[in-house]
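Residue numbers (the numbering used here): 26 to 274.
For reference, the structure is listed below as structure tokens.
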Amino acid sequence: MVMLMVPLSAAGDGDRLSWVNPARCLPSCADNPAGRLVRINDRGLPDRRGRHRVDADARPALTELMAAAADAGHRVRVQSCFRSYPDQARLFAATKEIGRAARPGHSEHQLGTAVDLRLPTSAAIAWLAENAPNFGFVLSYPPGRQRVTGYRPEPWHIRFVGAALAKEIQAQGVSLEELFRARPDLGQSGTCADCPRRTSIAPCKGVTSAGRCDGDVLVWCYDGAAAAVDCASSSEHCGVAEGGEYNCR
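Here it is in structure tokens:
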């Protein structure tokens, strides 16, 4: 059991963070925070013609992170930021790789504070993991935590939570999902009942929390919702772990 000593004030300005995973939707499933978004370009700089949109509070920190990465010799670029509920629904429907895209209503990208980066080298991946908290970002889906997060490892996916909370998570060596589970008062979620598309709700349909392996695809019941991760995407195989649970190994 993970024990955390995280003060409530670490959440930022007293606001509770949206807690989303395969079983938890955004507090308002199809909410569109358009009024809080600003446009940026691939380098994370403000640009009225930029193809990406990000939360205005996260933008300065992202710009600083991108500049620091460049100073460290890494040519990091923004791949994607905000996606609306319809955008996420289209992406989910079009993505063939199992576990690659979150269901609409369950994606951090709908918040406007999540960013996918293009990381050109393994050195850039390591730099981001070490330095993102200095700018208020955390890796939402770190390596080896797919059973906890419900998603495959994504070293390029970062979420802005504020410097105090990001550094505390780094110091404790846990993921954001583990923080929410230890301190549920920091997060808020919806039930998915208000989602306009049926694809937002995924009952387990017989699969248990222990899960199973469909080849190298890990399938399991995640807090009452179906979850699946292709272990091969992380150069791993699906198998039985200690305690009888199936996992990527």
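In this text, a Cβ means the ideal position worked out from N, Cα and C, and glycines have one as well.
Note that this is a predicted model, so its numbers are computed, not measured.
Practice prompt. Quick one: residues in its chain with C-beta nearer than 7 Å to the C-beta of residue 232, no 5 flanking neighbours on either side, listed in chain order?
Written response: The residue labelled residue 232 in the question sits at position 207 within the sequence shown. The answer, listed in chain order, is 244, 245, 246, 251.
Item to complete: Look at residue 99 and residue 152 and say whether their C-beta atoms are less than 8 Å apart.
Response: The residue you call residue 99 lines up with position 74 of the sequence shown. The residue you call residue 152 lines up with position 127 of the sequence shown. Going by C-beta atoms, residue 99 is nearer than 8 Å to residue 152.
Worksheet entry | Within-8 Å CB hit, residue 183 to chain D | Protein chains in the displayed structure number just one, and chain D is not present.
Item to complete: List the residues that DSSP assigns as beta-bridge partners of residue 21.
Response: This structure leaves residue 21 out entirely; the chain is present only between 26 and 274.
Discussion item. With distance defined between alpha-carbon atoms, name the residue in 54, 71, 106, 78 nearest to residue 60.
Written reply: Along the sequence shown, read from residue 1 onward, the residue named residue 60 stands at position 35. Looking at the Cα atoms, 78 is the closest of the given residues.
Worksheet item: For residue 249 versus residue 229, is the C-beta distance shorter than 8 Å?
Response: Residue mapping note: residue 249 aligns to position 224 of the sequence shown, counting from 1. Residue mapping note: residue 229 aligns to position 204 of the sequence shown, counting from 1. Yes, the pair counts as a contact, with Cβ atoms nearer than the cut-off.
Worksheet item: What's the gap between the Cα of residue 106 and the Cα of residue 122?
Response: The residue labelled residue 106 in the question sits at position 81 within the sequence shown. The residue labelled residue 122 in the question sits at position 97 within the sequence shown. Using only the alpha carbons, I get a separation of about 20 Å.
Practice prompt. Put residue 194 into one of helix, strand or coil per three-state DSSP.
Written response: Reading the sequence shown from its first residue, position 169 is the one you call residue 194. Helix at residue 194.
Practice prompt. Identify whether residue 156 lies in helix, strand or coil by the three-state DSSP scheme.
Written response: The sequence position of residue 156 within the sequence shown is 131, counting from 1. It is helical.
Discussion item. On the criterion of 16 or more Cβ atoms from any shown chain inside 10 Å, does residue 261 qualify as buried, or is it exposed?
Written reply: Against the sequence shown, residue 261 aligns to sequence position 236. Buried is the call here.
Practice prompt. Pick helix, strand or coil for residue 164, following the three-state DSSP scheme.
Written response: Numbered from 1 along the sequence shown, position 139 holds the residue referred to as residue 164. Residue 164 falls in the strand class under three-state DSSP.
Worksheet item: residue 143 to residue 267, Cα distance in whole Å?
Response: Position 118 of the sequence shown, counted from the start, is the residue given in the question as residue 143. Position 242 of the sequence shown, counted from the start, is the residue given in the question as residue 267. Cα to Cα, the separation comes out at about 35 Å.
Discussion item. Based on DSSP bridge pairs, tell me the residues matched to residue 213.
Written reply: Numbered from its first residue, the sequence shown carries residue 213 at position 188. Beta-bridge pairing links residue 213 to 43.
Worksheet item: With 16 other CB atoms within 10 Å as the buried threshold, where does residue 255 fall?
Response: Translated into positions along the sequence shown, residue 255 becomes position 230. Burial call: buried.
Discussion item. Excluding the 5 residues flanking residue 172 on each side, which residues of the same chain have their C-beta closer than 6 Å to its C-beta?
Written reply: Looking up residue 172 in the sequence shown gives position 147. Excluding residues within five positions, the ones whose Cβ falls inside 6 Å are 272.
Practice prompt. Check whether the segment 75-91 touches the segment 112-128, taking contact to mean three or more Cβ pairs, one atom from each stretch, closer than 8 Å.
Written response: no
Fill in: Neighbourhood of residue 57 by C-beta distance below 6 Å, restricted to the same chain and skipping five residues each side
Working through the sequence shown from its first residue, we reach residue 57 at position 32. Result list for residue 57: 109, in chain order.
Worksheet item: So, helix, strand or coil for residue 85, using DSSP?
Response: The count along the sequence shown starts at 1 and reaches residue 85 at position 60. The answer is helix: DSSP assigns residue 85 an H, G or I state.
Fill in: Segments assigned alpha helix (DSSP H), at least 4 residues, entirely inside the segment 83-126
84-96, 110-119
Worksheet item: So, using beta-carbon positions, are residue 216 and residue 129 closer together than 8 Å?
Response: By 1-based counting over the sequence shown, the position of residue 216 is 191. By 1-based counting over the sequence shown, the position of residue 129 is 104. In this structure, residue 129 does not lie closer than 8 Å to residue 216 by Cβ.
Practice prompt. Out of 199, 138, 211, 192, point me to the one whose CA is closest to residue 167's CA.
Written response: For the purposes of this step, residue 167 is taken as the residue at position 142 of the sequence shown. That would be 199, whose Cα lies nearest to the Cα of residue 167.
Item to complete: Report the rounded CA-to-CA distance for residue 202 versus residue 75, giving the unit in angstroms.
Response: Locating residue 202 in the sequence shown gives position 177, where the first residue counts as 1. Locating residue 75 in the sequence shown gives position 50, where the first residue counts as 1. Whole-angstrom Cα-Cα distance: 31 Å.
Worksheet entry | Residues bridged to residue 183 [DSSP beta-bridge criterion] | Stepping through the sequence shown from its first residue, residue 183 is reached at position 158. Per DSSP, 140, 164.
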